[in-house]
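Letter 369 of the sequence shown, counting from 1, is numbered 362 in the working numbering, and no numbers are missing.
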Amino acid sequence: MIDRPPAPEGPGGVYVHIPFCSRRCTYCDFATVAGRDETMEPYLAALHREIAGCQVGAPQTVDTIFFGGGTPSRLSGKQISDLIQSVRNRFDVQPGTEITLESNPEDLTPETLSRIRDAGVGRLTIGVQSLDSRVLQDVGRGHDGDLALEAVRQARGAGIGQIAVDLIAGLPGEDSGRWTGTLRRLAVLKPDHFSVYLLETDKNTPLTRSMQAGTTPRPQDDDLADAWEQTTDFLESAGYSQYEISNYARSVPGEPDRVSRHNMKYWQDLPYAGFGLGAHAYYRGERRGNRSDLDGYISDLATGTDPVASQDPWHPVRRLEEALFMGLRLRDGIDSGRIGSRYGLDLQEAYRTVWESAERQGLLVRTGSRIRLTRAGRLRSNTVFGALLGHLPVE
Ligand code: SF4
């Protein structure tokens, strides 16, 4: 295997984290804060400092910028455009760069949508999660189903290039009939993209604790699998292509599918910088994560200290395993020739028994140098990933 990180094959991305939320949803384990709006200005000052001076090894040329949270739609238009300018001051931002901003429906008034568009955002993701108002209320969302639907409708008409919708399958109280209704009512509005995540019940959240205490029913694995199948069937019949396990892009004949170009960096082993509270970055073969306590983050940057909290140095086997896991999440899977040459080994041979076993179980197909999961394999991806993990010795 190679002994130094493979060179990046194209432009990188920039992730910018905005942790502020108006309230805390019961299933959320992201690096967020609610009720700390008085720290917004010092946080943004720290963020500008970090973008200007930290992560010096990050790729200089970038073609995606992603504002995630938290709730970035709580920023003003000026705050968004100032952050984009900071990124431009530091990086060589390519023409046609995809600029994405995450939002919550309750923020998306016509005025807010205009300022988001005018600040330069070309792709807006809306955290709808469900259109069932009782389900939304139970998990602490700040909007009901009608408001979410209206937000998507308004966003469609606001002249922002692409609109994406985020959903969570398996929230307590959601049944299959109401879930189909959520998908159907949203698909009518033709968002460009759906991300549909299955509820994770192993996180340290109030919802998980309530499930452990027996107060809230825990979704069964079979029910989550059914929801995934139902979602995939419905969205594919509605003109969306499942290009990644949890992501569906609208297909328009003659046009490229409307995939998330930023998230493709994660799935294709490409580098990115990550700024802000708890943000992660990957470049030069190393992963790093920022500290996730707000006051510590701000005070680090005030004294010129890098707010890094974790560093995972270059290791060829670990990085190769990650490249395989992430790449196999894509519908088109991996090009074993490309990744093999990046990491300096014959992937077909090195993992031959893993591929053959997964093929026998109907989880994977190999066509030439391409290796991809079948639909059954995407549903049971952890079986394949578990077999890949540790297959090669890690000194
Ligand atoms: S709005 Fe999003 S980031 Fe904020 S608490 Fe809810 S799920 Fe978490």
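The beta carbon of each residue, even a glycine, is placed where N, CA and C say it ideally should be.
Under the three-state DSSP convention, the category residue i falls into
i	result
Ser244	coil
Glu95	strand
Thr25	coil
Leu366	strand
Gln48	coil
Leu191	strand
Thr201	helix
Gly6	strand
Gly379	helix
Pro65	helix
Thr400	For the chain, the structure presents residues -6 to 388; residue 400 sits outside this window and is missing.
His186	strand
Thr32	helix
Buried versus exposed call for residue i [16 or more other C-beta atoms within 10 Å across all chains shown]
i	result
Asp215	exposed
Lys258	buried
Asn283	buried
Glu229	exposed
Val158	buried
Ser390	Not covered by the structure: residue 390. The range shown for the chain is -6 to 388.
Pro264	buried
Trp348	buried
Gly383	exposed
Pro88	exposed
Ser69	exposed
Arg312	buried
Thr208	exposed
Leu182	exposed
Gly337	exposed
Gly3	exposed
Ser79	buried
Thr360	exposed
Ser15	exposed
Asn82	exposed
Ala134	At residue 134 the sequence reads Arg, which differs from the Ala that was named. Classification for Arg134: buried.
Val121	buried
Thr54	exposed
Asn375	exposed
Thr118	buried
Gly320	buried
Own chain, CB closer than 8 Å to residue i, minus 5 neighbours either side, in chain order
i	result
His136	Asn97, Pro98, Glu99, Leu129 and Ala144
Asn197	Asp22
Glu315	Asp262
Ser285	Ala24, Leu270, Gly271 and Ala302
Gly355	Thr367, Ala369 and Gly370
Pro103	Gln147 and Ala151
Thr173	Gln223 and Phe227
Trp307	Arg(-3), Pro(-2), Arg277, Gly278 and Glu279
For residue i, the first and last residue of its enclosing beta strand (DSSP E)
i	result
Leu294	Where Leu294 is concerned, there is no enclosing beta strand (DSSP E), although the alpha helix (DSSP H) it sits in stretches over Leu287 to Ala295.
Asp111	Here Asp111 belongs to no beta strand (DSSP E); instead the alpha helix (DSSP H) covers Pro103 to Asp111.
Val114	Where Val114 is concerned, there is no enclosing beta strand (DSSP E), given that its DSSP letter is neither H nor E.
Thr54	Thr54 to Gly62
Cutoff 6 Å; reference residue i; Cβ partners in own chain excluding five residues on either side
i	result
Phe318	Phe378
Gln341	Ser329
Ala51	Ala266 and Tyr276
Arg115	Note that residue 115 is Gly in the sequence shown here, rather than Arg. Only Ile92 and Gly154 meet the Cβ criterion.
Arg17	Ala27
Span of the alpha helix (DSSP H) around residue i
i	result
Ile73	Gly70 to Arg83
Cut-off 7 Å between Cβ atoms - residues of its own chain near residue i, not counting five sequence neighbours on either side
i	result
Gln72	Leu37
Leu385	Val310 and Ala343
Ile(-5)	Pro309, Tyr336 and Gly337
Thr105	Ser66
Gly333	Asp339 and Leu340
- prompt: Which ranges does the beta strand (DSSP E) cover as unbroken runs of at least 3 residues, wholly within the stretch 298 to 360, from first to last along the chain?
  reply: 301 to 305 and 357 to 360
task: Identify every run of the beta strand (DSSP E) within the stretch 122 to 170, keeping only runs that are complete inside it and at least 3 residues long; order them along the chain.
output: 155 to 162
Start-end ranges of the alpha helix (DSSP H) lying completely within the stretch 208 to 284, minimum 4 residues: 214 to 230 and 254 to 260
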